[in-house]
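**Q** Let me begin by handing over the structure; questions about it come next.
Number of protein chains: 4
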Amino acid sequence: MTDESYNAIKNNFITALRIIYREGLSDAFAHLSARSNDGYEMMFMPRKSPALVQGEELFFVDFEKPVPQSSLHQAIYKTRPDVKSVFHFHSPAVILLSVLGQTIRPMHNYSAIFFDGVPLYKGSGQVESPARAGEMAKLLGGAKALMLRGHGAVVVGQSIREVCMLALFLEESARLQAEAMRLGAPMFMEREEAERIAKRTFKPTSVERAWDHFAAKCAD
Amino acid sequence: MTDESYNAIKNNFITALRIIYREGLSDAFAHLSARSNDGYEMMFMPRKSPALVQGEELFFVDFEKPVPQSSLHQAIYKTRPDVKSVFHFHSPAVILLSVLGQTIRPMHNYSAIFFDGVPLYKGSGQVESPARAGEMAKLLGGAKALMLRGHGAVVVGQSIREVCMLALFLEESARLQAEAMRLGAPMFMEREEAERIAKRTFKPTSVERAWDHFAAKCAD
Amino acid sequence: MTDESYNAIKNNFITALRIIYREGLSDAFAHLSARSNDGYEMMFMPRKSPALVQGEELFFVDFEKPVPQSSLHQAIYKTRPDVKSVFHFHSPAVILLSVLGQTIRPMHNYSAIFFDGVPLYKGSGQVESPARAGEMAKLLGGAKALMLRGHGAVVVGQSIREVCMLALFLEESARLQAEAMRLGAPMFMEREEAERIAKRTFKPTSVERAWDHFAAKCAD
Amino acid sequence: MTDESYNAIKNNFITALRIIYREGLSDAFAHLSARSNDGYEMMFMPRKSPALVQGEELFFVDFEKPVPQSSLHQAIYKTRPDVKSVFHFHSPAVILLSVLGQTIRPMHNYSAIFFDGVPLYKGSGQVESPARAGEMAKLLGGAKALMLRGHGAVVVGQSIREVCMLALFLEESARLQAEAMRLGAPMFMEREEAERIAKRTFKPTSVERAWDHFAAKCAD
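Residue numbers (my numbering), protein chains in the order written: chain A, 625 to 844; chain B, 625 to 844; chain C, 625 to 844; chain D, 625 to 844.
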């Protein structure tokens with residue numbers, strides 16, 4: 625990795641943490657990681673609030689070395705070679721749906737992005753052990769996101785920017801779904817319909833436009 | 625168009641975008657347009673967050689030229705010669721009502737403004753094509769606003785300031801209606817009653833007073 | 625009235641407007657008034673957002689002179705010699721309860737302050753005429769507050785500071801009641817119980833303490 | 625107590641008040657106390673908003689001397705020798721649950737912290753007298769928190785930082801529970817399950833991490 629690409633990743637990493645904090649998706653606990661260019665280790669963060677971590681505190685860890693809070697990230701990188709970044713966070717609407725045994729179903733232009741489903745891990749508590757992390761990675765399968773009962777969610781993607789936007793879309797979708805469930809019978813979308821919409825609302829240019837928006841808010 | 629009136633429109637345009645962002649009616653995606661003085665083209669904005677677009681980035685486009693995200697605006701200007709400005713946005717309470725198949729019904733002094741009804745376009749996804757844009761414009765008819773299922777809304781009016789205020793009133797009305805529906809059977813207003821009230825709450829002087837208020841908030 | 629007391633009232637007036645705005649109880653429309661020392665006229669404000677009115681724009685108006693938005697205030701001062709200040713505003717939870725035909729009932733330490741009841745004016749629309757203002761004043765009777773269906777509320781009290789705090793307590797009580805109604809059968813308080821509590825939670829020293837708190841927030 | 629430890633406690637005390645205010649758990653009324661090192665008196669605060677109290681205004685009071693708003697704190701220190709700090713506050717979701725006769729039940733990683741139960745004091749009004757304070761302390765028993773109907777909550781712990789975090793966790797748990805109750809039948813946790821989780825989510829290092837996060841937010 626060149627110094628330049630390293631610095632770009634570091635900047636994206638810190639901005640993503642600030643966005644997640646600013647948008648109300650995390651309190652003092654959230655963990656982001658990014659696969660390194662050679663593919664066998666990940667950039668990771670110390671045990672600190674996402675609002676407070678600084679670029680110079682980021683470090684690399686390989687996929688076998690036990691580091692606090694790292695096991696879920698490591699298990700996913702090992703089973704999903706396509707994944708370049710993982711974001712785990714505790715956001716309120718996701719937690720709300722999860723304790724009701726519900727998961728995200730497409731009903732608007734953003735929830736459509738999750739057309740391939742968001743599995744719900746029903747075990748309670750934290751990740752706790754590499755064995756549980758492995759179960760969670762297995763349940764995630766090829767999906768973009770996994771919900772963890774009474775705990776939060778994990779999203780995976782092709783870049784730090786993409787997982788950051790997926791985190792925002794997931795929480796917004798959970799909030800809409802919770803509110804709609806209170807009010808009656810929302811019109812859900814069929815998978816094909818949702819997939820068609822996702823092709824338009826989750827393009828790389830849309831991710832960039834949303835990233836620019838949220839990054840600017842954090843810089844205020 | 626003189627330089628002076630051009631600058632006034634540009635300033636209103638940018639302020640309206642900032643208001644819509646500041647009041648929580650848009651994330652990175654919302655599009656405003658304003659009919660030019662000669663009536664055959666519209667001032668439009670680039671594909672950028674309404675929080676970030678700058679005055680010098682605005683441009684004019686005629687009603688036939690395909691430009692990304694422009695087709696709904698163009699279709700409305702062509703069928704509604706009275707309309708001077710169009711605002712399309714994705715606001716949370718409007719989206720919530722729309723996925724429940726509900727639309728705004730007058731129940732308080734602001735929702736009364738929509739006494740002539742707010743049609744709901746039931747197709748899902750984005751505008752996607754000039755043909756769909758035409759369908760939406762047709763469904764809007766002579767009304768002030770149209771809701772788009774799982775997507776957002778479009779409001780039309782006599783000026784940028786007016787559509788900006790209509791956008792705020794529509795979202796507030798949607799939020800009140802959603803909350804009232806959760807709690808029981810709200811007292812809706814008859815059309816005549818709503819029209820009588822709208823004459824008092826939606827006068828040019830009221831629009832100016834509300835505009836001054838929200839514009840000042842943005843300048844903080 | 626000495627210059628000193630005049631300036632003190634003006635400062636309280638402007639601070640009360642800023643508080644009501646800062647706490648989300650008003651958009652561009654809210655009207656405060658204060659009875660003058662001699663008792664036969666009131667300090668009033670121009671038709672401008674409470675966030676924007678300046679001290680030098682305040683003026684005195686007697687109880688018979690028609691001035692826009694003044695008739696409800698005038699009608700109350702004429703029928704309630706004990707009232708020194710009147711605040712009319714459009715706050716979201718009050719409007720919500722009002723369209724459901726509900727009014728505030730004591731269930732916690734602040735709603736207890738309204739132990740003598742909050743009548744609900746069922747007519748829709750604005751105040752509109754001195755005749756309607758008179759009906760509203762009559763319905764208010766000896767109470768501290770009146771709700772107006774689909775419109776807002778008016779609170780009355782011994783001073784600007786007191787009506788400002790009553791406005792905050794009324795809106796908080798309306799929000800709690802709306803949320804509690806969604807969840808089941810809240811434990812309401814008997815009138816005697818509420819009156820006993822109000823004697824402790826609505827003392828002059830409590831009003832001063834709350835005023836200092838909210839005034840400091842506005843000065844941030 | 626050395627000057628150094630005295631200053632450290634004072635700084636924690638003021639920061640805790642600012643956090644509770646900044647996070648929306650108090651209006652102008654909340655009272656924190658901290659047991660002094662010798663164990664027979666408590667650091668206390670004047671009758672002022674937690675947003676406004678200054679370090680030099682704090683004072684010590686022994687457990688028998690009547691001081692306004694002190695009796696609940698004193699009663700708890702006398703019956704719970706393990707308790708080093710007490711926080712009493714009026715937070716919206718706790719009040720909401722309390723008027724419904726509900727109390728916190730573990731359903732997520734933070735509510736699990738209250739695995740030993742949160743009693744609900746059903747009497748209405750304020751603390752009012754040392755006799756009522758004694759009843760409340762007795763009902764608290766060995767628990768971490770007590771809810772007071774239509775009034776608020778009190779939390780107790782090993783340090784100012786711990787009670788401050790417990791206050792935030794309690795309010796967040798109340799909000800989640802209220803929202804989940806609206807939506808269906810949440811999956812509650814068994815006591816053993818909750819206790820196992822609490823051992824991981826309520827460790828001294830987690831309290832420090834959360835404290836650093838919220839203290840930094842206040843310093844913004």
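Where is the CB? At the ideal position from N, CA and C, for every residue including glycine.
By how many angstroms is the C-alpha of A:Ser-715 removed from the C-alpha of A:His-655?
**A** Each residue's alpha carbon lies about 12 Å from the other.
**Q** When Cβ atoms are compared, which residues of the segment 764-781 of chain D fall closer than 9 Å to chain C?
**A** Cβ contacts with chain C: Arg-773, Gly-774, His-775, Gly-776.
**Q** What's the C-alpha gap between A:Ser-629 and A:Asn-635?
**A** Spanning the two alpha carbons is a distance of roughly 10 Å.
**Q** For the beta strand (DSSP E) containing C:Ala-777, list its first residue and its last residue.
**A** Segment 776-781, the beta strand (DSSP E) holding C:Ala-777.
**Q** Quick one, which of B:Met-669, B:Gly-741, B:His-732, B:Ser-657 has its alpha-carbon nearest B:Val-707's?
**A** Nearest C-alpha to B:Val-707: B:Ser-657.
**Q** Along chain B, which residues have their Cβ under 7 Å away from the Cβ of A:Glu-816?
**A** Within 7 Å Cβ-Cβ: nothing; A:Glu-816 doesn't reach chain B, min ~11 Å.
**Q** Spell out a yes or no on whether the segment 760-769 of chain B and the segment 826-844 of chain A are touching, meaning 3 or more CB-CB pairs, one atom from each, closer than 8 Å.
**A** Contact fails: fewer than three Cβ-Cβ distances are below 8 Å.
**Q** What ranges does the alpha helix (DSSP H) occupy inside the segment 708-781 of chain C, keeping only unbroken runs of at least 4 residues that lie completely in it?
**A** Qualifying alpha helix (DSSP H) stretches, in chain order: 716-723, 754-764.
**Q** Give the straight-line distance between the Cα atoms of B:Ile-821 and A:Glu-832, rounded to the nearest whole angstrom.
**A** Answer to the nearest angstrom: the Cα atoms are 44 Å apart.
**Q** Can you grab the Cα-Cα spacing for the pair D:Ser-695 / D:Pro-754, in whole Å?
**A** Roughly 5 Å between the two C-alpha positions.
**Q** Indicate whether the contact test is met: 3 or more Cβ pairs, each with one atom in the segment 722-734 of chain B and one in the segment 787-802 of chain B, closer than 8 Å.
**A** Yes: the two stretches touch, three or more of their Cβ pairs being nearer than 8 Å.
**Q** Which residues in chain C have a C-beta closer than 7 Å to the C-beta of D:Met-731? List them in chain order.
**A** Ordered by position in chain C, no residue passes the 7 Å Cβ test against D:Met-731, which lies about 15 Å from the chain.
**Q** Got a sec, what are the start and stop residues for the beta strand (DSSP E) A:Met-789 sits in?
**A** No beta strand (DSSP E) contains A:Met-789, which is instead part of the alpha helix (DSSP H) from 784-807.
**Q** To which residues of the same chain is D:Arg-704 closer than 8 Å at the C-beta, ignoring the five residues directly before and after it?
**A** Here the set comprises Ala-761, Leu-764, Gly-766, Val-780.
**Q** Check the Cβ of D:Ile-821 against every Cβ in chain A and list those closer than 8 Å, keeping chain order.
**A** Those within 8 Å of D:Ile-821 in chain A are Ser-748, Gly-749, Gln-750.
**Q** What residues in its chain sit with their C-beta under 7 Å from that of D:Lys-702, if we drop five residues either side in the sequence?
**A** Only Phe-687 meet the Cβ criterion.
**Q** Are the segment 814-830 of chain D and the segment 736-752 of chain A touching by the rule of at least three beta carbon pairs closer than 8 Å?
**A** In short, these stretches touch, since the Cβ pair count reaches three.
**Q** Could you pull the start and end residues of the beta strand (DSSP E) that C:Leu-656 belongs to?
**A** First-last of the beta strand (DSSP E) with C:Leu-656: 654-659.
**Q** With A:Ala-699 and A:Ala-757 assumed to form a contact (beta carbons below 8 Å), what rounded beta-carbon distance in angstroms separates them?
**A** That pair is a contact at about 4 Å.
**Q** I need the straight-line Cα distance from B:Pro-690 to B:His-697, nearest angstrom please.
**A** Whole-angstrom Cα-Cα distance: 11 Å.
**Q** As a quick exercise: from C:Asn-631, C:Leu-720, C:Arg-646, C:Met-667, pick the residue whose alpha carbon is nearest that of B:Gly-809.
**A** In the sequence on display, residue 809 of chain B carries Ala and not Gly. Of the listed residues, the one whose Cα sits closest to B:Ala-809 is C:Leu-720.
**Q** Mapping the DSSP letters down to three states, classify C:Val-685 as helix, strand or coil.
**A** Strand.
**Q** Quick one: what does DSSP say D:Phe-838 is sitting in, helix, strand or coil?
**A** The answer is helix: DSSP assigns D:Phe-838 an H, G or I state.
**Q** Below 7 Å between beta carbons is the criterion; list the residues of the segment 784-810 of chain B that meet it against any residue of chain C, in chain order.
**A** Result list: Leu-800, Glu-803, Ala-804, Arg-806, Leu-807, Gly-808, Pro-810.
**Q** Report the three-state DSSP secondary structure of D:Phe-637 (helix, strand or coil).
**A** Helix.
**Q** In the DSSP assignment, find the alpha helix (DSSP H) that holds D:Glu-864 and state where it starts and stops.
**A** This structure does not reach residue 864 of chain D, given that chain D is present from 625 up to 844, and the question cannot be answered.
**Q** Residues in its own chain within less than 6 Å of C:Leu-772 by CB, not counting five upstream and five downstream?
**A** Cβ within range, chain order: Tyr-745.
**Q** Taking the Cβ atom as the reference point for each residue, do B:Phe-684 and B:Met-667 lie within a distance shorter than 7 Å?
**A** Contact: yes.
**Q** Leaving out the 5 sequence neighbours to the left and right, which residues in its chain are closer than 8 Å to D:Leu-794 when beta-carbon positions are compared?
**A** Same-chain partners within the cutoff: Ser-715, Val-718, Ile-728, Phe-738, Val-742, Ala-769, Ala-777, Val-779.
**Q** For B:Glu-628, which of helix, strand or coil comes out of DSSP?
**A** Of the three classes helix, strand and coil, the one that applies to B:Glu-628 here is helix, per DSSP.
**Q** Have a look at the DSSP bridge pairing and note the partners of A:Met-666.
**A** Answer by DSSP bridge pairing, in chain order: A:Arg-659, A:Val-685.
**Q** From A:Val-787, A:Thr-825, A:Tyr-734, pick the residue whose C-alpha is nearest to that of A:Ser-709; which is it?
**A** With distances taken between Cα atoms, A:Ser-709 lies closest to A:Val-787.
**Q** By how many angstroms is the C-alpha of C:Asp-740 removed from the C-alpha of A:Thr-825?
**A** Straight-line Cα distance between these residues: approximately 54 Å.
**Q** Verify the CB distance criterion: does A:Ile-737 have a CB-CB separation below 7 Å to chain D?
**A** A:Ile-737 does not count as touching chain D.
**Q** Are any of the Cβ atoms in chain B nearer than 7 Å to that of C:Val-718?
**A** False, the Cβ-Cβ gap to chain B never drops below 7 Å.
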